[in-house]
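Each remark here refers to the structure printed beneath this line.
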Amino acid sequence: MKTIFTKISIFTMLLFLATACNNDDDGTVVVVEPTCGDGIMNGDETGVDCGGTCGPCEVVSNPGRRADLYVTNNNDGNIFKYSISGDSLVTYTTASTAAEGIYYDAESDLLVQASRSGLMLDAYAGTSTLGNATINSSFSTFADLNSPRELAVNGAYYVVSDNGENKFFVYYKTGNSFSLYYTIDIPFPVWGITFKGNDLYAVVDSSSDLAVFSNFVANAMDGTMRPSKRVTIEGIVRTHGLTYNGSDDVMIMTDIGAASNATDDGGFHVINDFSTKFDALSDGDVLPVSMQTRVAGSSTLMGNPIDVAYDSETGAIYIAEVGNGKVLGFTDIGDGGNLTPSFNMDLAAASSIYFSSEETDGNTGMASMNQTTRLYTTSTANGDVTVYDGTGAMLKTVTTASSSTEGIYYNALSDALLQGSRSEGEIQYYSDFMSVMSGAIATAAFTGDLATSSPREIAVYGNKVVVADNPANMFYVYSYTGSSFTLENTFDPGFPVWGITFKGDDLLAVVDTTSDLAIFEDFFTNTMDGSIMPTKRVSIAGITRTHGITYSAADDVLVMTDIGLAAGGALDGGINVIQDFSTVIEATADGGTIGLTDQNIIEGLSTLMNNPIDVAYDHKTKTVFVSDIATGAVLGFSNALSTSGNVAPSVNNALTSASSLYLYNN
């Protein structure tokens with residue numbers, strides 16, 4: 001009897017395999033019907049796709065991999081679960097009418113959504129076994145939120161980024177409840193967030209910037225929290241979504257393009273070897289587009305890609321496209337470009353997206369390591385480069401091919417030092433600089449001729465170098481590669497120049513012989529040689545004559561030096577510190593004055609400042625460093641955000657004819 005039953009069962013199974021398809025995700029063998037699909041996983045298939053062919057299809061072994069996309073939307077607030085391996089869709093109907101922020105904990109089978117309509121986190125238990133269903137929250141937070149945009153999870157900590165008032169709400173989950181631990185004010189517009197180890201990464205909305213909050217949970221507290229570092233991701237117009245995967249060490253950020261165009265100007269950037277690249281960048285630096293892979297164009301169907309997810313097992317990237325109302329998937333990214341999505345599902349007002357699988361869940365990698373602070377200094381007496389650590393202790397002195405230097409920058413991505421040589425009338429590029437031993441003579445790998453021989457400062461944005469030259473009072477703009485400098489533009493700003501620095505892609509310039517600050521917004525949109533006009537020019541109260549300038553992206557602090565009377569001989573120099581600079585400058589009209597109440601000023605005989613020609617700021621220790629060319633010293637003032645008046649320097653290093661400074665602070 002047993003033998004007969006087995007033969008019948010085998011016959012029945014063979015007959016079934018020859019005539020039917022199966023949409024199970026449980027590791028069974030399936031056969032696709034002779035009527036085949038279109039080769040695109042677009043939700044029309046009922047089983048494994050046949051790659052666009054017709055006729056009988058081969059038996060396909062479905063390994064049963066769990067690979068699920070959870071997507072929220074602002075159209076009806078329901079949660080859509082797409083099974084990538086099984087090409088199926090399950091809809092969970094919720095009480096929300098709009099939602100943004102989604103996370104799935106497979107270990108406890110808990111689905112959590114941030115409700116924009118309910119202004120709370122809702123947790124749904126036991127959803128994995130459900131088909132299409134109406135689900136009720138198992139537990140929720142109070143209605144603390146204002147305008148949730150993203151949810152990031154680190155262990156039991158659930159962080160919601162809320163752009164209503166630009167806050168992070170930090171919840172702790174214990175058992176079947178959430179507790180609000182911290183409400184954090186963020187000093188920039190927020191949107192997407194993701195964890196990399198214990199570090200929280202956040203996009204800076206309305207910009208192309210990326211900020212990191214190191215060891216976020218341990219440092220979290222009520223009140224204002226500033227990022228540990230903020231950098232610019234070149235090539236992005238305006239970023240919204242991001243995700244990180246530790247096994248591939250890849251960060252992916254979306255670019256929504258112009259907010260007015262929700263149809264076809266979106267894209268995403270893939271940053272491979274993210275840890276190496278990001279960790280090398282100093283605060284305020286730019287990650288060149290050449291070190292990224294960009295996917296954009298009309299074929300991508302991206303107009304407003306609001307969020308992104310990643311499958312490290314297949315290398316697939318998934319996009320919640322709110323503008324065109326779609327969930328998109330891209331494979332075989334290669335060199336990027338105008339790719340056609342391999343996954344295309346309609347979903348009106350698609351908002352946040354989360355990918356879950358055994359291989360990717362919880363794979364947030366490691367926090368950033370090897371944070372370093374180094375101060376690079378020059379001299380007009382001998383052209384040597386002297387390097388100090390963050391405490392002011394000297395690390396090394398290197399003799400260069402210059403005998404008088406002003407203007408310096410260190411690029412850790414290529415371990416290259418750039419400096420403006422007054423003696424040689426050129427920009428010089430020194431490769432492998434940190435491997436040069438103290439006391440050694442460094443040879444420039446290549447140089448670029450300057451139009452005149454009086455550079456006063458250089459400012460670097462990605463692969464662009466701006467030289468401020470004050471005999472001619474011109475800005476010279478060079479591009480550089482690993483082998484050459486190219487003069488791109490020559491600009492006349494219409495005033496005496498000296499110190500310059502970048503705030504994003506805005507060039508900030510002191511107006512020599514005055515107390516004025518000039519701002520050239522979107523500086524590189526100027527492409528025609530000749531005269532350029534600042535977007536805004538303001539006076540800084542309390543300054544007699546300014547020379548040095550620096551800006552901290554992380555702390556939003558601007559520092560300018562006051563050399564006092566040019567005749568010298570008196571300790572009449574000082575530094576003027578402006579906190580919350582973005583807010584202060586926005587509130588100051590063109591031609592107006594930034595008053596004393598918006599500044600912290602350090603000056604007086606005890607400061608030893610006579611002619612502080614350049615300045616640098618360490619946002620980690622709140623220390624301001626100055627190079628005083630008259631005193632012949634590199635001076636440091638600790639706690640510069642809260643200390644003012646006639647204070648003695650905390651660092652005092654003799655350096656004859658000290659000129660320019662650059663603080664590398666990753």
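Start counting the sequence shown at 1; every next residue gets the next number (the working numbering). Built from N, CA and C at the ideal position, the CB exists for glycine as well. Model, not experiment: these values are computed from the prediction.
Rounding to the nearest angstrom, what Cα-Cα distance links Met291 and Leu661 in this structure?
Going from the Cα of Met291 to the Cα of Leu661 covers about 27 Å.
Evaluate contact between the stretch 324-342 and the stretch 220-239, counting only Cβ atoms and requiring at least three cross-stretch pairs below 8 Å.
The answer is no - the stretch 220-239 does not touch the stretch 324-342, with fewer than three Cβ pairs under 8 Å.
What are the boundary residues of the beta strand (DSSP E) that includes Lys464?
Residues Lys464 to Asp469.
Taking the alpha-carbon of Asn338 as reference, which of Gly266, Ser138, Thr593 and Gly197 has the nearest alpha-carbon?
For Asn338, the nearest C-alpha among the options comes from Gly266.
Who pairs with Thr490 in a beta bridge, going by DSSP?
Paired residue(s): Tyr476.
Give the secondary structure of Asp379 by DSSP, where H, G and I count as helix, E and B as strand, and everything else as coil.
Before going on, a small fix: residue 379 reads as Ser here, not Asp. Strand, per DSSP.
Could you pull the DSSP bridge partners for Asp618 from this structure?
Its beta-bridge partners are Thr623.
Less than 8 Å between the beta carbons of Leu347 and Arg374, yes or no?
Cβ distance not < 8 Å, so Leu347 and Arg374 don't count as in contact.
Quick check on the DSSP output: what are the complete beta strand (DSSP E) runs of length 3 or more inside the stretch 156-186, in order along the chain?
Here the runs fully enclosed are 157-162, 167-173 and 178-185.
In three-state terms, what does DSSP make of Asp222?
The answer is coil: DSSP assigns Asp222 none of H, G, I, E or B.
Under a Cβ-count criterion, where at least 16 other Cβ atoms within 10 Å of its own Cβ denotes burial, should Thr583 be classed as buried or exposed?
By the 10 Å Cβ count, Thr583 comes out exposed.
What does the Cβ neighbour count give for Asn136, buried or exposed, with the cut at 16 atoms within 10 Å?
It is exposed - the Cβ of Asn136 has fewer than 16 other Cβ atoms within 10 Å.
Could you give the residue range of the alpha helix (DSSP H) that holds Phe274?
Phe274 to Ala280 is the extent of the alpha helix (DSSP H) around Phe274.
Using only the alpha-carbon positions, how far apart do Met437 and Tyr376 sit?
So the alpha carbons of these two residues sit roughly 15 Å apart.
Just checking my contact of Thr205 with Asn163 at CB under 8 Å: how many whole Å lie between their CB atoms?
First, the residue type needs correcting, since residue 205 is Asp and not Thr in the sequence shown. Yes, they are in contact, since the Cβ atoms of Asp205 and Asn163 sit about 6 Å apart, within 8 Å.
With 16 as the cutoff for other CB atoms within 10 Å, does Phe142 come out buried or exposed?
Classification for Phe142: exposed.
Expressed to the nearest angstrom, what Euclidean distance is found between the alpha-carbon atoms of Gly303 and Ala218?
Each residue's alpha carbon lies about 38 Å from the other.
Might you give, ordered along the chain, the residues of its own chain that have their beta carbon closer than 8 Å to the beta carbon of Asp144, omitting 5 neighbours on each side?
Within the same chain, Asp144 has close Cβ partners Leu119, Met120, Phe169, Leu180 and Thr183.
Quick one: measure Cβ to Cβ for Ser177 and Asp199, integer angstroms, because I've assumed they're closer than 8 Å.
Actually they do not touch by this definition, with Cβ atoms about 27 Å apart.
Alpha helix (DSSP H) containing Ser582: first to last residue?
Ser582 -> alpha helix (DSSP H) spans Phe581 to Glu586.
Val289 and Glu234 - do their beta-carbons sit closer together than 8 Å?
Going by C-beta atoms, Glu234 is nearer than 8 Å to Val289.
Tell me which same chain residues have a C-beta within less than 7 Å of the C-beta of Ser453, skipping the five on either side of it?
Arg422 and Gly425, listed in sequence order.
Using a Cβ-Cβ cut-off of 6 Å (strictly less than) and excluding sequence neighbours within five positions of Ile102, which residues of its own chain qualify?
The answer, listed in chain order, is Tyr70, Thr72, Gln113, Ser352 and Tyr354.
Could you give the C-beta distance for Gly604 and Gly548, rounded to a whole number, given that I count them as a contact under 8 Å?
Incorrect: roughly 18 Å between the Cβ atoms, too far for contact.
Should Phe502 and Ala554 be called a contact, given that it needs their Cβ atoms to be closer than 8 Å?
Taking 8 Å as the Cβ cut-off, Phe502 and Ala554 do not qualify as a contacting pair.
Please tell me whether Ile186 and Asn166 are closer than 8 Å, where the distance is taken between their beta carbons.
Contact flag set, yes.
Since I believe Thr372 is in contact with Asn666 (beta carbons under 8 Å), could you give me their beta-carbon distance rounded to a whole number of angstroms?
Indeed, because the Cβ distance is near 6 Å, the residues count as touching under 8 Å.
Counting beta carbon pairs with one atom in the stretch 245-253 and one in the stretch 570-577, are three or more of them shorter than 8 Å?
No, the stretch 570-577 does not touch the stretch 245-253.
Taking a contact to mean a Cβ-Cβ separation below 8 Å, would you say Asp618 touches Leu663 in this structure?
Taking 8 Å as the Cβ cut-off, Asp618 and Leu663 qualify as a contacting pair.
Out of Ala445, Ala472, Ala442 and Glu457, which one is the CA nearest neighbour of Ala451?
Nearest C-alpha to Ala451: Ala472.
By Cβ distance, which residues of its chain are closer than 7 Å to Ile543, with the 5 residues on each side in sequence left out?
For Ile543, where only same-chain residues beyond five positions count, the Cβ hits under 7 Å are Ser515, Met560, Asp562 and Asn576.
Return helix, strand or coil for Phe213, following the three-state DSSP convention.
In this structure, Phe213 counts as strand in the three-state DSSP scheme.
Please give me, in chain order, every unbroken run of the alpha helix (DSSP H) with length at least 4 that falls completely inside the stretch 82-148.
Runs found: none.
Can you list, in chain order, the residues of its chain with a C-beta nearer than 6 Å to that of Ala541? Leave out the 5 residues immediately preceding and following it.
Same-chain partners within the cutoff: Thr593, Gly595 and Leu596.
Going by beta-carbon coordinates alone, are Ile602 and Ser644 separated by less than 8 Å?
For Ile602 and Ser644, yes; Cβs fall inside 8 Å.
Restricting to runs no shorter than 3 residues, where is the beta strand (DSSP E) found entirely within the stretch 493-550?
Listed in chain order, they are 497-503, 506-511, 516-520 and 536-540.
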